[in-house]
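Here's the structure, in structure tokens; my notes come after.
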Amino acid sequence: RLFIIFLLNYISVFLRKNMIGKATETESRSDGIPLVKLKIQNISYKPQTKGYAPLNASSLTSSLRKRNERSLQIDIKAANRKTVLNNVSPPDIEPYKLSAWMGPSGSGKTTLLSIAAGMIKYDSSSFSDESKLTINDDDRNMLTKKGGFPKGLAGIVWQDDLLLSNLTVRESITFTAKLKTPKSEMHNVPVMVNKVMEDLGLTSIQHSLIGQSLSGSGRGISGGERKRVSVAVELVSKPSIIFLDEPTSGLDSTTAYELMLTLKKLALKGGHSIVTVIHQPRTTIFDLFDGLLLLSKGEEVFSGPAKRAREVLESCPIIGIPLPEQTNIADWIIDLINEDEKKT
1 RLFIIFLLNY
11 ISVFLRKNMI
21 GKATETESRS
31 DGIPLVKLKI
41 QNISYKPQTK
51 GYAPLNASSL
61 TSSLRKRNER
71 SLQIDIKAAN
81 RKTVLNNVSP
91 PDIEPYKLSA
101 WMGPSGSGKT
111 TLLSIAAGMI
121 KYDSSSFSDE
131 SKLTINDDDR
141 NMLTKKGGFP
151 KGLAGIVWQD
161 DLLLSNLTVR
171 ESITFTAKLK
181 TPKSEMHNVP
191 VMVNKVMEDL
201 GLTSIQHSLI
211 GQSLSGSGRG
221 ISGGERKRVS
231 VAVELVSKPS
241 IIFLDEPTSG
251 LDSTTAYELM
261 LTLKKLALKG
271 GHSIVTVIHQ
281 PRTTIFDLFD
291 GLLLLSKGEE
301 VFSGPAKRAR
311 EVLESCPIIG
321 IPLPEQTNIA
331 DWIIDLINED
341 EKKT
């Protein structure tokens, strides 16, 4: 099991190094991390899938029919593919800001995150011609650009972590830092690790095990602390943009708020552009967001400043329902979307 986790960590680092590309020359902070604004425009995405064609399918030749008596797996033509995202343009991902992408399960949030982070390779048959990703108002489309995204531009914290349970917090962060740091800068690793732990409030538990020891003793760190460590292992590579997939999943409301408040402070202090995919945050968490994207079945419901979402939705003739008193705005929004989805 330890080997599998180690391998997954290594693969994750390898993919980031080879899929995200080389950093562009942009305005930088004093610590050398570029300030990056990512603009995502008109994303329409129909992924390549495969389906089973019946024997009488017109797309199959007689010779192919003879090879399989029951059915044959074939590529589904683009026209018949499921549209996962349709003309989606979230608010710009900007330095010093925390944005949220919300929507019911299956609305396309994580897919959009994967596209924005350069994890989904461009394919002209899967994306519309209008789909575009640009950096710092550069007209070059990073989605179609050869080589993909600039290297080290983004860090991704997935919902399920890949932390080694028998390592301490410091060892986990140091291990990842050494994988991501060039040999010429390896001497800076201890300093980077100390700074990241300080920024994320991990210094006091740096010698605690992530999980139980091999002998089964101890309980390891808490769920909220694990999330912070997951953020830390991405921060050591000094990404300009940080994407988080459901970071509050499995956390109690207080711990979830503390984590999101830490991310907000991280954006304001470090100049990172932070985006979180989140389901139904409590009101105090919602109030931390600068930009907001609401999705429903891959369609854009709202895109703009989070503080304007209530005003826009309440004024919509189709909705026409004000936010009830003492109601969580995120719950209200998701309930509206769910009710609308039932009608379609």
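So the sequence shown is numbered by our numbering: it starts at 1 and just counts up by one. Ideal Cβ positions, reconstructed from N, Cα and C, are used throughout, including at glycine.
Just the Cα atoms here: how many angstroms apart are residue i and residue j?
{"i": "Ala100", "j": "Phe127", "result": "23 Å"}
{"i": "Thr327", "j": "Asp287", "result": "14 Å"}
{"i": "Asp92", "j": "Lys39", "result": "5 Å"}
{"i": "Thr111", "j": "Glu185", "result": "34 Å"}
{"i": "Glu339", "j": "Glu198", "result": "44 Å"}
{"i": "Thr83", "j": "Ala154", "result": "26 Å"}
{"i": "Ile318", "j": "Lys307", "result": "20 Å"}
{"i": "Tyr96", "j": "Leu268", "result": "5 Å"}
{"i": "Val301", "j": "Leu295", "result": "6 Å"}
{"i": "Asp290", "j": "Asp138", "result": "23 Å"}
{"i": "Glu234", "j": "Pro104", "result": "27 Å"}
{"i": "Gly106", "j": "Gln48", "result": "17 Å"}
{"i": "Ser204", "j": "Asp123", "result": "47 Å"}
Run through the DSSP bridge pairs and tell me what residue i is partnered with.
{"i": "Phe302", "result": "Leu294"}
{"i": "Ile135", "result": "Leu38"}
{"i": "Thr168", "result": "Leu209"}
Looking only at its own chain, which residues have a Cβ that is under 8 Å from the Cβ of residue i, when we skip the five neighbours before and after it?
{"i": "Glu311", "result": "none"}
{"i": "Pro324", "result": "Trp332"}
{"i": "Phe6", "result": "Note that Phe6 has pLDDT 41, beneath the 50 cutoff, so the model's placement of it is unreliable and the number below is only indicative. Leu164."}
{"i": "Lys178", "result": "Met186, Val189"}
{"i": "Leu336", "result": "Leu313, Ile319, Ile321"}
In this structure, does DSSP put residue i in helix, strand or coil?
{"i": "Pro190", "result": "helix"}
{"i": "Ile321", "result": "coil"}
{"i": "Gly155", "result": "strand"}
{"i": "Leu202", "result": "coil"}
{"i": "Leu209", "result": "strand"}
{"i": "Ile173", "result": "helix"}
{"i": "Ile334", "result": "helix"}
{"i": "Ser44", "result": "strand"}
{"i": "Glu130", "result": "coil"}
{"i": "Ile33", "result": "coil"}
{"i": "Lys227", "result": "helix"}
{"i": "Ser395", "result": "The structure shown does not extend to residue 395, since the chain is modelled only from 1 to 344, so the question has no answer here."}
{"i": "Arg310", "result": "helix"}
{"i": "Asp161", "result": "coil"}
{"i": "Lys195", "result": "helix"}
{"i": "Ser315", "result": "helix"}
Short of 6 Å in beta carbon distance, which residues of its chain neighbour residue i, apart from the five on each side in sequence? Order them along the chain.
{"i": "Glu94", "result": "Lys37, Ser273"}
{"i": "Ser230", "result": "Val157, Asp161"}
{"i": "Gly270", "result": "none"}
{"i": "Thr134", "result": "Lys39"}
Can you find a C-beta in chain B that's less than 8 Å from the C-beta of residue i?
{"i": "Thr254", "result": "Structure shown: chain B not included; a single protein chain is present."}
Short of 7 Å in beta carbon distance, which residues of its chain neighbour residue i, apart from the five on each side in sequence? Order them along the chain.
{"i": "Ser303", "result": "Ser89, Pro90, Pro91, Leu293"}
{"i": "Ile285", "result": "Ala256, Tyr257, Met260"}
Every unbroken alpha helix (DSSP H) within the region 85 to 127, with a cutoff of 4 residues, ordered by chain: 109 to 116
What are the uninterrupted segments assigned as beta strand (DSSP E) that are 3 or more residues long and contained completely in the region 238 to 297, given in chain order? Whole beta strand (DSSP E) segments, 3+ residues: 241 to 245, 273 to 277, 291 to 296.
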